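Numbering (the working numbering), first residue to last: 504 to 1167.
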């Protein structure tokens, strides 16, 4: 993958002599943050259109950055060359938009608001929430129906009435005093790990090859990215783009049949009891996967097939583990095996980085001063003490919510293990659709046992499903990808770090307030995204917690046994990869076996593995480099097509749009 490591142009590096973070770049970044925080929730909740905030590709941020490039480098630069954006001025708006994008809907806004409004809105005599939960709900952390604050949110505010912001304001404020430190802690971890991942291990960061490709040629006389003049780019671009434009014509008339862009081919079923192998074609996944190492691609689909076989055999012999939880996979056996492997994978990576982490901590505690952190987004001392202080504060905050201190420590540790693991997956495999095998709350419940948890602790745990349950998109992977982009220059990352943090905080505040406003304006009952605001996602935390309360249990030995098995197998696979050069299967795929949303992308990654293997066998690295523009075109063809489709929905199909991008 030498070409991937050479993705930074010499002209971009020379730009470090100029001012890196300019007022113009920050202003454009804030514009992206505001637009993304308003547009993404609006289209997802009210238009039944594509979901731009439910994955890690950040289409909205990419498209806006490209739009700025066209305006400044293609249009305005014709009159004055100095008006053209530099590579750094292109990167700042992009990464600020990315930092906000993951928090707008699925990563924070939707689960948080729906969980916050549920207890005093959806309690009924049948579900007994009032009996079990109300004595332990803290008034400062919950929204009541005072002043119809919940009824009007669901049904819409009557004409002439005003939104009861005072009822919402206090809980929002106190929850933000927890959410913002968690975001800051994520940035601190990125600062601590950046040098290890980017410089020492030289991880690929496949999705970041798109913006890195944009920076090449931006300081040439033409001021536009070099790959835009490549015919192969436009050939790749035209494949998904033309199909999507054809489908848009079909929006207006049934005479034009829809091309099955998302792949509606019947799944392959291997036998009774075996899960189906879903078949689809996603050009964006194909394009991103081209920049992924072959061993990662091979490991992904091979272990996926092994997962199908494992679950199928369990079904055929009648083996089952009682109890099912949302935000896991298809079978508790596979869930816990994958989670054990996932945590071992994270632990292995941290152990591998132990010397770097030790050096960073020594620098922070004043035991050494020779480690240069001038090119980091934060000083190491701020990062280390920021994370430690934030963690302690988070534990105290959760304790005030009602959670016992040991469980608060366990939960927060699990949350950040998940954040690190998902960030690592995206850095190595570039999967835009990915999440951990389970959320931290499920891990805590079955590891400790509901019989060993107090009612106050379990009530508090249910409330945390909103802000810290990793569901398909979150902020820390965006921070780490921004750290990869920072290598186009040096000594600018202090401003980059604060820009990222500001973007995430501003984005989450705007999106939360905007979501509440949309609810009062339209009524969440009218929202087209039925999972969160249709009494499904909002009830899951409390219903599943109540099930565990009514049927108490100790530590679940069956689940924990598979947890240990998964960890042991992962240790074996990691050892084989470390000791045997050329080992063909990356262990990363093991803990994603038959998980959701991996099921939706495995066939596209398999196709890419076949194509790339043949290309490397026939033409080697030279042919691989020649193919890069084509696969970049596939990605950006999807990005452009999705944005145009959303514009068509807004103009001609309000509240009855077309969901052509995003996985539920």
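Built from N, CA and C at the ideal position, the CB exists for glycine as well. Treat the numbers as computed from the prediction; the structure is a model and nothing was measured.
Classify residue 528: buried if its beta carbon has 16 or more other beta carbons within 10 angstroms, exposed otherwise.
Taking the chain shown and counting its residues from 1, one reaches residue 528 at position 25. Burial call: buried.
Using the Cα positions of residue 521 and residue 574, report the straight-line distance between them to the nearest angstrom.
Within the chain shown, the letter at position 18 stands for residue 521. Within the chain shown, the letter at position 71 stands for residue 574. In this prediction, residue 521 scores a pLDDT of 46, lower than 50, which makes its location untrustworthy; the coordinate-derived value is nonetheless stated afterwards. Each residue's Cα considered, the two are about 22 Å apart.
Helix, strand or coil: how does DSSP classify residue 519 here?
What you label residue 519 is simply residue 16 of the chain shown in a count that begins at 1. Note that residue 519 scores 40 on pLDDT, short of 50, meaning its location in the model is unreliable; the coordinates nonetheless yield the value given after this. If DSSP states are grouped into helix, strand and coil, residue 519 belongs with the helices.
Quick one: give me the first and last residue of the alpha helix (DSSP H) that residue 1032 is part of.
Reading the chain shown from its first residue, position 529 is the one you call residue 1032. Element bounds for residue 1032: n/a, residue is neither H nor E.
How about residue 1171 and residue 686: do their beta carbons lie closer than 8 Å?
Since the first residue of the chain shown is 504 and the last is 1167, residue 1171 is not available in this structure.
My assumption, with CB atoms under 8 Å, is that residue 986 sits in contact with residue 701. Please give the rounded CB distance.
Here the question's residue 986 lines up with position 483 in the chain shown. Here the question's residue 701 lines up with position 198 in the chain shown. Indeed, because the Cβ distance is near 6 Å, the residues count as touching under 8 Å.
Pick from 1088, 673, 696, 744: whose alpha carbon is nearest that of residue 1146?
As a working mapping, residue 1146 is identified with position 643 in the chain shown. The shortest C-alpha separation from residue 1146 is found at 744.
Assuming residue 585 and residue 935 are in contact, meaning their beta carbons sit under 8 Å apart, how far apart are those beta carbons, in whole angstroms?
Mapped onto the chain shown, residue 585 falls at position 82. Mapped onto the chain shown, residue 935 falls at position 432. No, residue 585 and residue 935 are not in contact; Cβ-Cβ is about 36 Å, not under 8 Å.
Can you give me the C-alpha to C-alpha distance between residue 1108 and residue 1077, rounded to a whole angstrom?
Numbered from 1 along the chain shown, position 605 holds the residue referred to as residue 1108. Numbered from 1 along the chain shown, position 574 holds the residue referred to as residue 1077. C-alpha separation (whole angstroms): 22 Å.
Assuming residue 523 and residue 998 make a contact with CB atoms under 8 Å, what is their CB distance in whole Å?
As a first step, residue 523 must be located in the chain shown, where it is residue number 20. As a first step, residue 998 must be located in the chain shown, where it is residue number 495. Right, their Cβ atoms sit about 7 Å apart.
Measuring CA to CA, which of 560, 542, 594, 555 is closest to residue 525?
As a working mapping, residue 525 is identified with position 22 in the chain shown. Considering only alpha carbons, the answer is 594.
What whole-angstrom Cβ distance do residue 707 and residue 796 have, given they're in contact under 8 Å?
Stepping through the chain shown from its first residue, residue 707 is reached at position 204. Stepping through the chain shown from its first residue, residue 796 is reached at position 293. Yes, residue 707 and residue 796 are in contact; Cβ-Cβ is about 6 Å, under 8 Å.
From 774, 576, 599, 597, pick the residue whose C-alpha is nearest to that of residue 588; which is it?
The sequence position of residue 588 within the chain shown is 85, counting from 1. Answer by Cα proximity: 576.
Return the chain-ordered list of same chain residues with a C-beta closer than 6 Å to the C-beta of residue 554, the five sequence neighbours on each side being excluded.
The count along the chain shown starts at 1 and reaches residue 554 at position 51. Contacts found: 547, 1165.
Who are the Cβ neighbours of residue 920 in its own chain at under 7 Å, not counting the five residues just before and after it?
The residue labelled residue 920 in the question sits at position 417 within the chain shown. Cβ within range, chain order: 846, 849.
Rounded to whole angstroms, how far is the Cβ of residue 1069 from the Cβ of residue 842, which I believe are closer than 8 Å?
Within the chain shown, numbered from 1, the residue matching residue 1069 stands at position 566. Within the chain shown, numbered from 1, the residue matching residue 842 stands at position 339. Residue 1069 to residue 842, Cβ: 7 Å. Contact.
Could you name the residues of the same chain whose beta carbon sits closer than 7 Å to that of residue 505, not counting the 5 residues immediately before and after it, in chain order?
In the chain shown, counting from the first residue as 1, residue 505 sits at position 2. For residue 505, the predicted structure reports a pLDDT of 40, less than 50, and the residue's modelled location is therefore unreliable. The matter cannot be settled from this model.
Spatial neighbours of residue 564 within its chain, please: C-beta separation below 7 Å, excluding the five flanking residues on both sides.
Stepping through the chain shown from its first residue, residue 564 is reached at position 61. So the qualifying residues of the chain are 535, 539, 597, 600, 601, 604.
Which same chain residues end up closer than 6 Å to residue 910 when comparing Cβ atoms and leaving out the 5 residues on each side of it in sequence?
As a first step, residue 910 must be located in the chain shown, where it is residue number 407. Excluding residues within five positions, the ones whose Cβ falls inside 6 Å are 960.
Tell me the residue span of the alpha helix (DSSP H) that contains residue 657.
Here residue 657 refers to the residue found at position 154 when the chain shown is read from its first residue. Residue 657 -> alpha helix (DSSP H) spans 654 to 658.
On a Cα-Cα basis, can you pick out the residue from 608, 569, 614 that is closest to residue 592?
In the chain shown, the residue the question calls residue 592 occupies position 89. Comparing Cα positions, the closest option is 569.
For residue 491, which beta-bridge partners are listed by DSSP?
No statement about residue 491 is possible, as the shown extent of the chain runs from 504 to 1167 and does not include it.
When the Cα of residue 988 is compared with those of 930, 912, 817, 1122, which residue comes out closest?
Taking the first residue of the chain shown as 1, we reach residue 988 at position 485. Selected option, being the one with the closest Cα: 930.
Within its chain, find whatever has a CB closer than 7 Å to the CB of residue 1152; leave out the 5 residues flanking it on each side and keep chain order.
Here the question's residue 1152 lines up with position 649 in the chain shown. Closer than 7 Å at the Cβ level, and outside the excluded window around residue 1152, lie 550, 552, 1160, 1161.
Going by alpha carbons, who is nearest to residue 627 out of 618, 1149, 866, 1042?
Walking along the chain shown from the start, residue 627 turns up at place 124. The option with the nearest alpha carbon to residue 627 is 1042.
With distances taken Cα to Cα, identify the nearest neighbour of residue 776 among 818, 747, 695, 826.
The count along the chain shown starts at 1 and reaches residue 776 at position 273. Of the listed residues, the one whose Cα sits closest to residue 776 is 818.
Under 8 Å: do the segment 946 to 965 and the segment 1039 to 1057 share three or more Cβ pairs, one atom per stretch?
Enough Cβ pairs lie closer than 8 Å, so yes.
Using only alpha-carbon positions, find the residue among 664, 734, 689 that is nearest to residue 1134.
Here residue 1134 corresponds to residue number 631 of the chain shown, with the count starting at 1. Comparing Cα-Cα distances from residue 1134 to each of 664, 734, 689, the minimum goes to 734.
Buried or exposed: which applies to residue 582, given that a residue is buried once 16 or more other Cβ atoms fall within 10 Å of its Cβ?
Along the chain shown, one-based indexing puts residue 582 at 79. By the 10 Å Cβ count, residue 582 comes out exposed.
Can you name, in chain order, every residue of its own chain whose Cβ lies under 7 Å from the Cβ of residue 962, other than the five neighbours on each side?
As a working note, residue 962 is residue 459 in the chain shown. Cβ within range, chain order: 636, 639, 640, 905.
Kindly indicate which residue of 774, 786, 770, 789 has the alpha-carbon position closest to the one of residue 780.
Position 277 of the chain shown, counted from the start, is the residue given in the question as residue 780. If we check each option's Cα against that of residue 780, 770 comes out closest.
Please say whether residue 971 and residue 918 have beta carbons closer to each other than 8 Å?
The count along the chain shown starts at 1 and reaches residue 918 at position 415. The count along the chain shown starts at 1 and reaches residue 971 at position 468. Yes, they are a contact pair.
Under DSSP, the alpha helix (DSSP H) around residue 883 begins and ends at which residues?
If you number the chain shown from 1, residue 883 lands on position 380. From DSSP, the alpha helix (DSSP H) with residue 883 extends over 883 to 904.
Contact between the segment 938 to 945 and the segment 829 to 839: three or more CB pairs below 8 Å?
With the cut-off at 8 Å, the segment 938 to 945 and the segment 829 to 839 touch.
So, at 6 Å on beta carbons, what are the nonlocal neighbours of residue 1163 in its own chain, with the 5 sequence-adjacent residues on each side left out?
On the chain shown, position 660 is the one that residue 1163 refers to. Excluding sequence neighbours, residue 1163 sits near 553, 1148.
Write down the C-beta distance between residue 833 and residue 1097 rounded to the nearest angstrom, noting that I regard them as a contact closer than 8 Å.
Along the chain shown, read from residue 1 onward, the residue named residue 833 stands at position 330. Along the chain shown, read from residue 1 onward, the residue named residue 1097 stands at position 594. The pair is a contact, with the Cβ atoms about 6 Å apart (cut-off 8 Å).
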